[in-house]
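Asks:
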Amino acid sequence: MKTQTLAALSLAAGAVNAMPYNSQFPKHTIKRASDVGDGTDVAVFWGQSTGDLADVCAEDSFDTIIMAFITSLNPPKLNLGKDTGSASDAQSSQSGWELFDGTVAGANGKSLADQITDCQGAGKKVMISFGGDSRYSNATFGSADEAKQAADYLWDLFLGGTGSQDLRPFGSDVILDGVDFDNESGDGSYYKDLVTELRGKMSSNSTKSYYLSAEPMCSFYDQSDSSIPDEILPQLDFVNIQFYNNEAQGIGGSDFKTTIQGWAKKFASVSPSPKLFLGVPGGDGAATSNIQSADDIKTTIQSVRNMNITGFGGVGIWDAGYAMKNDGFPAAVKGALA
């Protein structure tokens, strides 16, 4: 589970179905971004703890910032914790929608849209995560058409689409770098339709690279849970596995090595395979177990590197607020990957 401030609740990640997978995607349609997950990347979540995005982007150790969360796409709803603002007139006119105008200046004098622009201008990737705790989000779909409509919303509201300019939370000039899937409902029905539709839109745009990722809990590599179904894995650029909130299988646990090697074996059976990211808690309060100090996380990362896992991409941290309060933690993670 992920500890966060969304309605003072804790969000858990979705699970990956471990059944053997044979890709049914036409391989010529899969166009994925290649400049992510070279083994030294650090991704960090932001939006559900204290701190401004500008401060997170100023941290040299972070390469990718994943904003959390879009809590629904049927209809679209966005919650970024303390940075959740007020809806514009156009957004307010959409029945049931819960978006906000991120182009309005915040307490620090800059709008969230401007902070994203500055962050991307500094060479960081800025993505957005869809899902969260299934008690307080809706990440399921009732039909293929509904899933494809969700892909349209993602494209037009956050990525390169132009179909809803006056409804975009960050304005027409801000184009995010991708989407992360944190479905924890146990039901991944029609996710193939969602991801195929969205990846097709991304691939049709030759001027920008886009990324897709997912957030399963570490315990599900050998279990049958369809939150993040195997059939979408070839479309994902990276999978950030949460090795925490699980004393045995998480980092520092007795079964950690067996578990991460199980995930590596799983990904090796997928073509093309996503990069494997080691998901870790940033510090006290970020998880119920598997919290590590800066010194301990360096040892953990080095042990993973010594396993020579094919496709190891880097580390993902939940989340920025906790990590930046954990003395030296971001730099320790980045340094251990160098």
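Note that the sequence shown covers residues -18 to -1, 1 to 320 in mature numbering (1 follows the signal peptide of the UniProt record, and there is no 0).
The beta-carbon is built from N, C-alpha and C at its ideal position, and this holds for glycine as well.
Keep in mind it's a predicted model, so treat the numbers as computed, not measured.
1. When you compare the segment 203 to 210 with the segment 251 to 267, are there three or more beta-carbon pairs, one atom per stretch, that lie closer than 8 Å?
2. Look up Trp300 in the DSSP assignment and say whether it is helix, strand or coil.
3. Note the first and the last residue of the continuous alpha helix (DSSP H) segment covering Tyr173.
4. What I want to know is whether the C-beta of Met184 ends up closer than 7 Å to one or more non-hydrogen atoms of the ligand FAD.
5. Going by Cα to Cα distance, which pick from Leu258, Met289, Gly317 is closest to Gly296?
6. Would the beta-carbon of Phe152 fall within 8 Å of that of Ala95?
7. So what's Ile273 in DSSP terms, helix, strand or just coil?
8. Please name the residue in Gly168, Ile48, Thr189, Ala104 whose C-alpha comes closest to that of Pro211.
9. Grab the span of the alpha helix (DSSP H) containing Val315 for me, first residue to last.
10. Could you tell me the boundaries of the alpha helix (DSSP H) in which Asp100 lies?
11. Compute the Euclidean distance between the alpha carbons of Leu35 and Asp237, then round it to the nearest angstrom.
12. Let's test the definition: count the other Cβ atoms within 10 Å of the Cβ of Arg181 and tell me whether it reaches 16, buried, or not, exposed.
13. With distances taken between CB atoms, is the gap from Ile48 to Ile110 smaller than 8 Å?
14. Compare the C-alpha of Glu197 against each of Val286, Tyr172, Val262, Asn187 and name the closest.
15. Under the assumption that Gly67 contacts Ser31 (Cβ atoms under 8 Å), give the Cβ distance between them as a whole number of angstroms.
16. List the residues that DSSP assigns as beta-bridge partners of Phe163.
17. Are Asp309 and Ala276 close, meaning C-beta to C-beta below 8 Å?
18. Distance check for Tyr135 and Ser77, CA to CA, integer angstroms please.
19. Determine which residues share a DSSP beta bridge with Gly80 and list them.
20. With a cut-off of 8 Å on the beta carbons, I'd call Phe27 and Gly113 a contact; round off their distance for me.
21. Give the straight-line distance between the Cα atoms of Ala87 and Ser74, rounded to the nearest whole angstrom.
22. Is Ile242 helix, strand or coil by DSSP?
23. Helix, strand or coil for Ala250 per DSSP?
24. What is the DSSP secondary structure of Ile291, reduced to helix, strand or coil?
25. For Ser285, name the three-state secondary structure that DSSP assigns.
26. Taking the beta carbon of Asn90 as the centre, do at least 16 other beta carbons fall within 10 Å, making it buried, or is it exposed?
27. By alpha-carbon positions, which one of Gly303, Ser116, Gly317 ends up nearest to Lys280?
28. Measure from the alpha carbon of Leu218 to the alpha carbon of each residue in Leu81, Met199, Val177, Asp37, then state which is nearest.
29. At a Cβ threshold of 8 Å, is Gly170 touching chain B?
30. For Leu81, collect the residues of the same chain with a Cβ closer than 7 Å to its Cβ; drop the 5 residues on either side in sequence, then sort them by chain order.
31. May I have the straight-line CA-CA distance separating Ser146 from Asp23, to the nearest angstrom?
32. Within a Cβ cutoff of 7 Å, which residues of the same chain sit near Phe220, ignoring the five residues on either side of it in sequence?
33. Quick one: grab the DSSP three-state call for Lys9.
34. Per DSSP, which one or two residues make a beta bridge with Trp137?
35. For Pro74, which of helix, strand or coil comes out of DSSP?
Replies: Based on what the coordinates show:
1. No, they do not touch.
2. Numbered from its first residue, the sequence shown carries residue 300 at position 318. In this structure, DSSP gives Trp300 an extended state, which the three-state scheme calls strand.
3. The residue labelled residue 173 in the question sits at position 191 within the sequence shown. Here the alpha helix (DSSP H) through Tyr173 covers 173 to 185.
4. This structure does not include the ligand FAD; it has no bound ligands of any sort.
5. If you number the sequence shown from 1, residue 296 lands on position 314. Among Leu258, Met289, Gly317, the Cα nearest to that of Gly296 is on Leu258.
6. Locating residue 152 in the sequence shown gives position 170, where the first residue counts as 1. Locating residue 95 in the sequence shown gives position 113, where the first residue counts as 1. Yes, Cβ-Cβ distance for Phe152 and Ala95 is below 8 Å.
7. Working through the sequence shown from its first residue, we reach residue 273 at position 291. Taken through DSSP and simplified to helix, strand or coil, Ile273 comes out as coil.
8. Counting from one through the sequence shown, the residue named residue 211 turns up at place 229. Checked all of Gly168, Ile48, Thr189, Ala104; the closest Cα to Pro211 is Gly168.
9. Taking the sequence shown and counting its residues from 1, one reaches residue 315 at position 333. Element bounds for Val315: 311 to 319.
10. As a working note, residue 100 is residue 118 in the sequence shown. Segment 94 to 103, the alpha helix (DSSP H) holding Asp100.
11. What you label residue 35 is simply residue 53 of the sequence shown in a count that begins at 1. What you label residue 237 is simply residue 255 of the sequence shown in a count that begins at 1. When rounded, the separation of the alpha-carbon atoms in Leu35 and Asp237 is 35 Å.
12. The residue given as residue 181 occupies position 199 in the sequence shown. With 16 or more other CB atoms across the displayed protein chains lying within 10 angstroms of its CB, Arg181 is buried.
13. Here the question's residue 48 lines up with position 66 in the sequence shown. Here the question's residue 110 lines up with position 128 in the sequence shown. In contact: Ile48 and Ile110 (Cβ atoms closer than 8 Å).
14. The residue you call residue 197 lines up with position 215 of the sequence shown. Closest by alpha carbon: Val262.
15. Within the sequence shown, residue 67 is the residue found at index 85, counting from 1. Within the sequence shown, residue 31 is the residue found at index 49, counting from 1. Not confirmed; about 17 Å, so no contact.
16. Against the sequence shown, residue 163 aligns to sequence position 181. Its beta-bridge partners are Phe112, Ala196.
17. What you label residue 309 is simply residue 327 of the sequence shown in a count that begins at 1. What you label residue 276 is simply residue 294 of the sequence shown in a count that begins at 1. The answer is yes: Cβ separation under 8 Å.
18. Position 95 of the sequence shown, counted from the start, is the residue given in the question as residue 77. Position 153 of the sequence shown, counted from the start, is the residue given in the question as residue 135. If you take the alpha carbons of Ser77 and Tyr135, they lie about 15 Å apart.
19. The residue you call residue 80 lines up with position 98 of the sequence shown. According to the sequence provided, residue 80 is Glu. The question's Gly does not apply to it. The partner list for Glu80 (beta bridge, DSSP) reads Lys59.
20. Counting from one through the sequence shown, the residue named residue 27 turns up at place 45. Counting from one through the sequence shown, the residue named residue 113 turns up at place 131. Not confirmed; about 12 Å, so no contact.
21. As a working note, residue 87 is residue 105 in the sequence shown. As a working note, residue 74 is residue 92 in the sequence shown. Here the C-alpha atom of Ala87 lies approximately 19 Å from the C-alpha atom of Ser74.
22. As a first step, residue 242 must be located in the sequence shown, where it is residue number 260. The answer is helix: DSSP assigns Ile242 an H, G or I state.
23. Taking the sequence shown and counting its residues from 1, one reaches residue 250 at position 268. Helix, per DSSP.
24. Within the sequence shown, the letter at position 309 stands for residue 291. The answer is coil: DSSP assigns Ile291 none of H, G, I, E or B.
25. By one-based count along the sequence shown, residue 285 stands at place 303. Ser285 falls in the helix class under three-state DSSP.
26. Mapped onto the sequence shown, residue 90 falls at position 108. So Asn90 counts as exposed.
27. The residue you call residue 280 lines up with position 298 of the sequence shown. Of the listed residues, the one whose Cα sits closest to Lys280 is Gly317.
28. Counted from its first residue, the sequence shown places residue 218 at position 236. Nearest in C-alpha terms to Leu218, of all of Leu81, Met199, Val177, Asp37, is Val177.
29. Looking for chain B here will not work: only one protein chain is present.
30. For this step, residue 81 is matched to residue 99 along the sequence shown. If we look at Leu81 and ignore the five residues flanking it on each side, its Cβ neighbours are Pro58, Leu60, Ala69, Gln73, Leu149, Pro151.
31. Locating residue 146 in the sequence shown gives position 164, where the first residue counts as 1. Locating residue 23 in the sequence shown gives position 41, where the first residue counts as 1. Taking the straight line from one Cα to the other gives about 33 Å.
32. On the sequence shown, residue 220 is found 238 positions in, with the first residue counted as 1. Here Phe220 has Val18, Gly19, Ser195, Pro256, Lys257, Phe259, Gly295 as same chain residues with Cβ atoms under 7 Å from its own Cβ, once five neighbours each way along the sequence are excluded.
33. As a working mapping, residue 9 is identified with position 27 in the sequence shown. Caution applies to Lys9, whose pLDDT of 35 falls short of 50 and renders its modelled position unreliable; the value that the coordinates give is listed next. It is helical.
34. Sequence index remark: in the sequence shown, residue 137 carries index 155 (1-based). Answer is none; Trp137 lacks a bridge partner.
35. Walking along the sequence shown from the start, residue 74 turns up at place 92. Checking the sequence, you will find Ser at residue 74 rather than Pro. The answer is helix: DSSP assigns Ser74 an H, G or I state.
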